[in-house]
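Presented below is the structure to which this report refers.
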């Protein structure tokens with residue numbers, strides 16, 4: 001490694017296992033001191049909250065290989081010659097978020113990098129969702145990101161240097177079964193772009209990314225498909241190539257965004273995939289519009305022009321298919 005982050009201090013939430021662990025290890029390898037984090041000692045093999053999947057012995061073996069917590073990640077960093085301190089606590093709690101930043105200051109004297117990676121998810125139909133299930137997805141990711149930013153920004157502003165990286169998901173587009181999770185990730189994209197504008201000229205950058213790699217969620221999803229009777233070879237064939245590879249090959253991009261070399265990069269949403277792809281998402285834009293010549297739209301015009309012009313060849317066909325399906 002190049003030592004690009006020598007002297008920097010990073011907080012990586014949700015870094016006990018999966019992509020978060022690989023991010024923490026990469027930042028440490030580049031010279032950063034790291035505060036690792038997850039909610040509590042130990043780890044759950046279930047990637048989706050409030051679910052209970054009966055894993056096979058083979059699945060349990062693979063899940064055990066990728067499990068861990070803040071301490072195991074910190075221990076691995078230390079064993080490799082780096083500096084790390086574990087912090088257990090849910091960053092969706094405002095006080096805990098403040099304490100993790102305090103831990104960085106007390107341990108290493110500053111905080112330069114925040115990686116908001118922590119996330120919880122529940123998968124299911126919106127009609128089955130209650131307040132608790134909504135909060136599971138929204139609080140840890142969206143509120144957690146705000147909490148860390150709120151507590152870290154005064155220190156970053158005083159230093160004139162800061163890098164904030166927010167882990168989103170392609171679920172921000174609105175995926176069936178992921179209503180709350182998608183809403184949290186869409187909110188995180190908006191938070192990133194707005195905050196980047198607020199912080200322009202301060203030396204602090206804010207970017208988001210949508211990661212895709214083989215993690216605990218992959219094994220959970222594969223087990224769920226198995227229970228539905230989907231053959232293992234079909235599951236493997238249907239998975240994106242990036243979900244067949246672990247994350248260590250893609251996370252150096254996040255170390256780059258954390259460095260001085262990325263000082264002019266802020267307010268962007270990147271696609272980050274374990275098959276080697278780095279992409280840049282575009283900002284949504286109006287692709288078609290209609291206008292009335294009258295002061296008030298008439299219902300007759302709307303009934304004619306919405307399907308005939310505004311949504312022609314787009315949504316009407318999609319909605320009709322969904323209606324036919326049930």
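Numbering (the UniProt record's numbering), first residue to last: 1 to 326.
The C-beta atom is built at its ideal place from N, Cα and C for all residues, glycine as well.
- The alpha-carbon of residue 106 is positioned some 44 Å away from that of residue 128.
- Sequence-distant Cβ neighbours of residue 271 in its own chain, meaning closer than 8 Å and more than five residues away, are 170, 209, 210, 212, 277, 278, 279, 280 and 281.
- Note that the C-beta distance between residue 88 and residue 104 is not below 8 Å.
- Sequence-distant partners of residue 273 (beyond 5 residues in either direction) whose C-beta falls short of 7 Å from its own C-beta, in its chain, are 212, 242 and 250.
- The segment 88-161 contains, as complete beta strand (DSSP E) runs of 3+ residues, the segments 113-116 (chain order).
- Apart from the 5 residues on each side of it in sequence, residue 197 sits with its Cβ closer than 8 Å to the Cβ of 267 in its chain, given in chain order.
- A direct Cα-Cα distance of roughly 20 Å separates residue 245 from residue 231.
- For residue 163, the CB contacts under 6 Å within the same chain, skipping 5 residues up- and downstream, are 113, 205 and 258 in chain order.
- Counting along the chain, the unbroken alpha helix (DSSP H) around residue 302 starts and ends at 299-305.
- Residue 30 is not a Cβ neighbour of residue 263, given a cutoff of 8 Å.
- In the DSSP annotation of this structure, residue 32 is not part of any beta strand (DSSP E), being labelled neither H nor E.
- For residue 287, the closest C-alpha among the options 312, 297 and 295 is that of 312.
- Assignment of beta-bridge partners to residue 181 by DSSP yields no partner.
- In this structure, 28 is the residue among 73, 20 and 28 with its C-alpha nearest to the C-alpha of residue 2.
- For residue 253, the enclosing alpha helix (DSSP H) has its first and last residue at 252-257.
- DSSP places residue 71 outside any beta strand (DSSP E); the residue lies instead in the alpha helix (DSSP H), whose first and last residues are 70-79.
- Cβ contact annotation for residue 6 (same chain, cutoff 6 Å, sequence separation greater than five): 31, in chain order.
- Taking a contact as a CB-CB distance under 8 Å, the pair residue 141 and residue 185 counts as one, their CB atoms being some 7 Å apart.
- As computed with DSSP, residue 86 is found in a beta bridge with 36.
- Rounded to the nearest whole angstrom, the C-alpha separation of residue 228 and residue 126 is 21 Å.
- Apart from the 5 residues on each side of it in sequence, residue 202 sits with its Cβ closer than 8 Å to the Cβ of 156, 157, 160 and 162 in its chain, given in chain order.
- The Cβ-Cβ distance between residue 16 and residue 72 falls below 8 Å.
- When the Cα atoms are used, residue 302 and residue 289 turn out to be separated by approximately 13 Å.
- Annotation: residue 239 is outside any beta strand (DSSP E) and is labelled neither H nor E by DSSP.
- Between residue 19 and residue 192 a beta carbon distance of about 17 Å is seen, past the 8 Å cut, so the two are scored as non-contacting.
- Comparing alpha carbon positions, the residue from 11, 260 and 314 closest to residue 116 is 11.
- Around the beta carbon of residue 130, fewer than 16 other beta carbons lie within 10 angstroms, which makes this residue exposed.
- Nearest to residue 291 by C-alpha distance, out of 21, 305 and 25, is 305.
- By DSSP's assignment, residue 164 forms a beta bridge with 114 and 206.
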